[in-house]
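So the structure is just underneath, and the comments pick up after that.
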Amino acid sequence: MGKIVFGLLSGLIFGFGLVISGMSNPAKVLNFLDIFGTFDPSLIFVMGGAVIVVFVGYRLVLRRKQPVFDQVFQIPSRKEIDKNLIIGSALFGIGWGIGGFCPGPAITALSLGSEGIFYFLPSLLIGLWLSKILKKGS
Amino acid sequence: MTEFTPFASLVGGALIGLAAVMVMLFHGRIAGISGILGRFLPPWSNNKSLLWRAAFVFGLILAPIIYQKFSGIKIEHIVSNNLIIMISAGLIVGLGVGLGSGCTSGHGVCGIPRASVRSIIATITFMSFGILTVFTIRHVIGG
Chain Y
-3 MGKIVFGLLS GLIFGFGLVI SGMSNPAKVL NFLDIFGTFD PSLIFVMGGA VIVVFVGYRL
57 VLRRKQPVFD QVFQIPSRKE IDKNLIIGSA LFGIGWGIGG FCPGPAITAL SLGSEGIFYF
117 LPSLLIGLWL SKILKKGS
Chain R
27 MTEFTPFASL VGGALIGLAA VMVMLFHGRI AGISGILGRF LPPWSNNKSL LWRAAFVFGL
87 ILAPIIYQKF SGIKIEHIVS NNLIIMISAG LIVGLGVGLG SGCTSGHGVC GIPRASVRSI
147 IATITFMSFG ILTVFTIRHV IGG
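Shown next, in the form of structure tokens:
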């Protein structure tokens, strides 16, 4: 039960962060990426604020032997820079630049009632599913 | 044009960071949205851990509703309603974050503070391609 309650709470706080920061507005994201046009540098502050809190927070949390609801901390340990990482991130950047949505704000947008999100989010899930099949095959 | 909002963006960013720290504290996991979404798609690996992730996703959807109700502020939200554009953007983002094992949250918010080389390279790559894409659409094609 605690797992679910704190899962919900973290999701809510994450969502409030997206809304307050302006990340939930694709127009703002696209202006952030438009550094030679209607540049809006706000999102540098979003990433800055988040990175500082995580930098300090992870240090404090990882002093514990284990997470509250699990046995071990599962931290990614991969080091290799492979083709999938580069091609995948490049593709993500292109799609981000077209629609102004990355996955988090795309979920939050479900309750903001635009027409575009109902085209975007199902397509995102199909793309994500395809990537799982591609990765499994390689 | 959108308004430059350094203070609100910093506060919002800090909240995103706080949520990521909570996911690590309580669940021992990186708060990567694409990773969380991927868990709901086949081939499934571990169904037991889906419940808290579903609650997290539900929280994300609920947040704007609660925020608007209690603050009285209407959330600014301008989205393209072009069917072809939004479907292709979604497919490319989904495929990309899947292959690249992460998005703005997993690689950016959670990876940069861990000084993960993979995440830093991923973040630089998607930022650069995002900027390049907007430049091409707005100033080469549209300009």
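Residue numbers (the numbering used here), protein chains in the order written: chain Y, -3 to 134; chain R, 27 to 169. In this text, a Cβ means the ideal position worked out from N, Cα and C, and glycines have one as well.
| Check | Outcome |
| --- | --- |
| Coarse secondary structure for Ile146 of chain R, derived from DSSP in three states | helix |
| CB contact below 8 Å: Gly98 of chain R versus chain Y | no |
| Test: Arg144 of chain R CB closer than 8 Å to a CB of chain Y | yes |
| Within-8 Å CB hit, Gly123 of chain Y to chain R | yes |
| Backbone secondary structure at Thr31 of chain R - three-state DSSP | coil |
| From Y:Gly44, Y:Asn21, Y:Ile0, residue whose alpha carbon lies closest to that of Pro139 of chain R | Y:Gly44 |
| Residues of the stretch 111 to 127 of chain R with Cβ closer than 8 Å to any Cβ of chain Y, in chain order | Ile111, Met112, Ile113, Ser114, Ala115, Gly116, Leu117, Ile118, Val119, Gly120, Leu121, Gly122, Val123, Gly124, Leu125, Gly126, Ser127 |
| Proximity test, Cβ basis, 8 Å: Asn107 of chain R and chain Y | yes |
| C-alpha gap between Phe66 of chain R and Gly124 of chain R, whole angstroms | 13 Å |
| Simplified DSSP state of Gln94 of chain R, which is helix, strand or coil | helix |
| Through-space distance from Arg144 of chain R to Pro77 of chain Y, alpha-carbon basis | Sequence check: residue 77 of chain Y is Ile here, not Pro. Each residue's alpha carbon lies about 6 Å from the other. |
| Helix, strand or coil at Ala46 of chain R [DSSP, three-state] | helix |
| Cβ-based burial, Arg55 of chain Y [other Cβ within 10 Å; buried from 16] | exposed |
| Residue burial classification, Trp70 of chain R (beta-carbon count within 10 angstroms, cutoff 16) | exposed |
| Residue closest to Ile118 of chain R, alpha-carbon to alpha-carbon, out of R:Phe52, R:Thr159, R:Lys74, R:Ile56 | R:Thr159 |
| heavy atom of the ligand MN below 7 Å from Ile82 of chain Y C-beta | For the ligand MN, the structure offers nothing, since it holds no ligand at all. |
| Where the alpha helix (DSSP H) through Val1 of chain Y begins and ends | -2 to 17 |
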